[in-house]
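The structure appears right after this line, and notes come after that.
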Amino acid sequence: MVSDSKKILESWLMFERLVDGSISNKDKKLLKFDQKEINDEFNFYQFFQEKLKTIKDKNKGIIFYCGIFDFDKLLNKLQKPYVLDPLDENEEVDDKKFSFALCFDGDLKCCYEQSFFSLSGYLYYQNENDLDFDIDNKFQEFEANQKNILKDLFEDLSDNDLINNTDIEMKFNDAIKTYLQKNTNGKISINSLECCAYKIVNNFKNECNYLHSFFVKDLKKALKIDLNECKNLKAYLDSE
């Protein structure tokens, strides 16, 4: 039987997971694609390369946000399986989420460890019948699998000495297009990137750190603790 204290920690963990993946239209660094330029032959490699030329910092990079959606759509989807109170018809949730963010350094090398997958996006693209309460374990398995997929798609580009620039462009573009369609069950069309955006950053690694909630790791550690041996934490949770 799960204790009330454990349930509180699990609730906090779910909350922090859902906080992840937030994105703001007020962020002036967040740039949208010109839909007039988008087609099946759109060259992501050349496009990102040109954008990176505007940044002189050696630590520069690009974060490519995909599958952006209104958070209230996810909340409505979760109402039935998780027995949530419906949103008030006058209540607006002015929050957007991204499903995943692909991270590339200044040489357009895909950084698998920094690339980020949000729980919100994972739930958003799940069929309603597949939703259950064993979310965290399934999400961790999904996240690890996605990073392996990225590695398989982009690993041939890791050694520029082995392939010429034309091959790099072709493989890079094919990898992005394949991943976009595969990871969203085909729901993101290459012909329309309206639900995608990108950000050119001066300090790539620092910017990637902000994609994550800083509390998730601590809460996962707390869930593994025997609360009977950690009286201060147990007392705090019992007071909630």
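So for the sequence shown, the working numbering puts the first residue at -3; every next one is plus one. Every residue, glycine too, gets a C-beta built ideally from N, C-alpha and C.
Note down the Cα distance separating residue i from residue j, rounded to an integer number of angstroms.
i    : j    : result
L71  : E12  : 15 Å
L74  : F67  : 11 Å
D163 : Y175 : 18 Å
G117 : G63  : 7 Å
I58  : K220 : 36 Å
F94  : Y121 : 12 Å
W8   : M166 : 44 Å
L153 : D132 : 32 Å
K56  : C106 : 13 Å
F96  : F135 : 13 Å
E33  : K69  : 29 Å
Y61  : E190 : 11 Å
Q177 : I4   : 37 Å
From what residue to what residue does the beta strand (DSSP E) around residue i run?
i    : result
K63  : It should be noted that the sequence gives Gly, not Lys, for residue 63. Run containing G63: none; DSSP gives neither H nor E here.
I196 : A193 to V197
K28  : L26 to K28
In terms of alpha-carbon separation, which member of the options lies closest to residue i?
i    : options                   : result
D16  : K217, V212 and K54        : V212
K173 : T162, K56 and C192        : C192
L149 : F138, E165, K134 and A171 : A171
E139 : E6, N161 and Y108         : Y108
F44  : K147, L14, L119 and N169  : N169
Should residue i go down as buried or exposed, given a rule of 16 or more other Cβ atoms within 10 Å for buried?
i     : result
S1    : buried
I243  : In the structure as shown, the chain starts at -3 and stops at 236, and residue 243 therefore has no counterpart that could be examined.
Q142  : buried
S20   : exposed
Q110  : buried
K201  : exposed
K24   : exposed
S114  : buried
C226  : exposed
E203  : buried
N86   : Annotation note: pLDDT 46 at N86 (below 50); position unreliable, no value reported.
V(-2) : For V(-2), the pLDDT reaches just 49, beneath the cut-off of 50, and the residue's location in the model is therefore unreliable, leaving the point undetermined.
L27   : exposed
K92   : buried
D222  : exposed
In terms of residues, what are the limits of the alpha helix (DSSP H) holding residue i?
i    : result
Y118 : L115 to Y120
F100 : Where F100 is concerned, there is no enclosing alpha helix (DSSP H), although the beta strand (DSSP E) it sits in stretches over F96 to D101.
E219 : Position check: residue 219 holds Leu in this sequence, whereas Glu was assumed. Run containing L219: V212 to L219, per the alpha helix (DSSP H) assignment.
K73  : F67 to L74
Counting beta carbon pairs with one atom in the stretch 46 to 55 and one in the stretch 95 to 110, are three or more of them shorter than 8 Å? yes
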